[in-house]
Amino acid sequence: MSIFLDGLLFGEWSEFNDCPKFKDEFDGALEFGEWSEFNDCPKFGDAFEFANVPDDGLFDKNFSFVENVFHSNFIYFVTCQRLSLGYSDEKVVDFALRGGVRVVQLREKIGEAGGGDYKKDKQVKAFLEKAKKIRELTARHRSVFIVNDYVELALRVGADGVHLGQEDMPLSQARSMAEREGRKLFLGQSTHNEDEIEKAKKDGADYINIGPLFPTNTKENTVKPIAKSDYNYLIKLVGLAKKLGLTFTVMGGIKQRHLKSLFEVGCRHVAMVSEICAQKDVVGHVASMVEEMKLLHKEKIST
């Protein structure tokens, strides 16, 4: 939070006297991601202007803002068109954002992308159109947009970050690609064991995902679920991530019923696919989960 407040160099809290909720709830909003709390306060938008947070979603110009939103977000939504009950990914993302999600990952395979010819491949063009729409939605909600795998395409649409699996390009290569464009990407790495977590730290990952926790049908995965029978190994991996100072999400077959037990073993950021996109009422279900995580966090602080 202090990173973000550094952007408010003017320090003139009097600017917000016409919005009583601002002083009382600003800290909580940053911590819990409740940006919507201030929709009725026109001065709140000025705070972002002071902090040089752009409206076009190019948050890499203020990387600390991306970090802050990511760290304050409890529910991380990963798209899956196949499970979205006939809705487009864009529509489900809109629902999820309205429910309170503040980090979205677009995960979609586009084959060989025409042998790498990104300008001609129809699948790539469709992907770019979808990604641009999701970029617009996330920017409107001042939320973080992550693209799975495709670094070049992520850069093209102004995404905030890229998530890379163990079989994808190295983090160093992704970082170099961004730097050549004068950009900085928030880079995530999938991990499944201690060695991969330690390597992600060494390679400079901005965050890691630990998983899969439970059996899932959203992705073909040969990795054995690490929390299927008990949380012992998960607790070990969580402890290592914390020791190394790594921000981490957990993912894989997670349902709302798991939130409390995962929170109790130190998991603060939960990535979900079908538990969001396969719901009839995405907005309401997401809002319920976000509220549950907020309450768990408040209870933790008060004890």
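Residue numbers (full-length UniProt numbering): 1 to 303.
Idealized CB from N, CA, C, for every residue including glycine.
Note that the structure is a prediction, hence the values are computed from the model and not measured.
Sub-8 Å separation of residue i and residue j beta-carbons
i, j, result
"Val147", "Leu106", "yes"
"Glu70", "Val144", "Before going further, note that residue 70 is Phe rather than Glu in the sequence given. Yes, Cβ-Cβ distance for Phe70 and Val144 is below 8 Å."
"Leu246", "Lys201", "yes"
"Ile110", "Val93", "no"
"Met293", "Phe74", "yes"
"Val265", "Val290", "no"
"Lys184", "Phe77", "no"
"Leu259", "Ile197", "no"
Simplified DSSP state of residue i, which is helix, strand or coil
i, result
"Leu187", "strand"
"Leu9", "Its pLDDT being 28, under 50, Leu9 is placed unreliably in this model, and the value from its coordinates should be taken loosely. Coil at Leu9, not helix or strand."
"Tyr76", "strand"
"Thr249", "strand"
"Gly284", "helix"
"Gln279", "coil"
"Asn52", "Low local confidence applies: a pLDDT of 36 at Asn52 is under 50, so the model's placement there is unreliable, with the coordinate-based value given in what follows. If DSSP states are grouped into helix, strand and coil, Asn52 belongs with coil."
"Val101", "coil"
"Leu106", "strand"
"Met289", "helix"
"Ile301", "helix"
"Ser172", "helix"
"Leu295", "helix"
"Phe4", "With a pLDDT of only 38 at Phe4, under the threshold of 50, the placement of this residue in the model should not be trusted, and no figure is reported."
"Glu167", "coil"
"Phe214", "coil"
"Ile235", "helix"
Enclosing beta strand (DSSP E) for residue i [first to last residue]
i, result
"Gly161", "Gly161 to Leu164"
"Met272", "Val270 to Met272"
"Asn209", "Tyr207 to Ile210"
7 Å CB neighbourhood of residue i in its chain, flanking five on each side removed
i, result
"residue 304", "Because the chain in this structure spans residues 1 to 303, residue 304 falls outside the shown range and cannot be described."
"Glu275", "Ile254, Lys255 and Gln256"
"Thr216", "Gly252 and Gly253"
Same chain only: Cβ atoms within 6 Å of residue i, ignoring 5 sequence neighbours per side
i, result
"Arg156", "none"
"Asn39", "With a pLDDT of 42 at Asn39, under the threshold of 50, the modelled position of this residue cannot be trusted, and the question is left open."
"Ser302", "none"
"Thr218", "Cys80, Val273 and Ser274"
"Arg98", "Val283"
For residue i, the nearest candidate out of the options (CA to CA)
i, options, result
"Asn68", "Ser84, Phe186, Arg135 and Tyr150", "Phe186"
"Ala278", "Ile75, Ser72, Tyr87 and Thr138", "Tyr87"
"Glu299", "Met289, Val283 and Phe263", "Phe263"
"Gly182", "Ala205, Leu244 and Gly158", "Gly158"
"Leu85", "Leu295, Leu296, Val282 and Ser288", "Val282"
"Asp235", "Val103, Asp206, Leu97 and Glu194", "As written in the sequence, residue 235 is Ile, which differs from the Asp given in the question. With distances taken between Cα atoms, Ile235 lies closest to Glu194."
"Leu171", "His258, Gly204 and Val104", "Gly204"
"Lys280", "Phe95, Arg140 and Asn62", "Phe95"
"Ala139", "Lys228, Ser229, Val103 and Val151", "Val103"
Alpha helix (DSSP H) segment containing residue i, residue limits
i, result
"Ile146", "Premise fails: Ile146 lies in the beta strand (DSSP E), Val144 to Asn148, not in any alpha helix (DSSP H)."
"Val151", "Val151 to Val157"
"Asp230", "Here Asp230 belongs to no alpha helix (DSSP H), and DSSP marks it neither H nor E."
"Thr138", "Lys122 to Arg140"
Same chain, Cβ closer than 8 Å to residue i, five either side skipped, listed in chain order
i, result
"Glu108", "Thr79, Gln81, Asp89, Phe127, Lys130 and Asn148"
"Arg135", "Gly57, Phe145, Val157, Gly158 and Ala159"
"Asn209", "His163, Gly188, Gln189, Ser190, Thr191, Phe248, Thr249, Val250, Met251 and Ala271"
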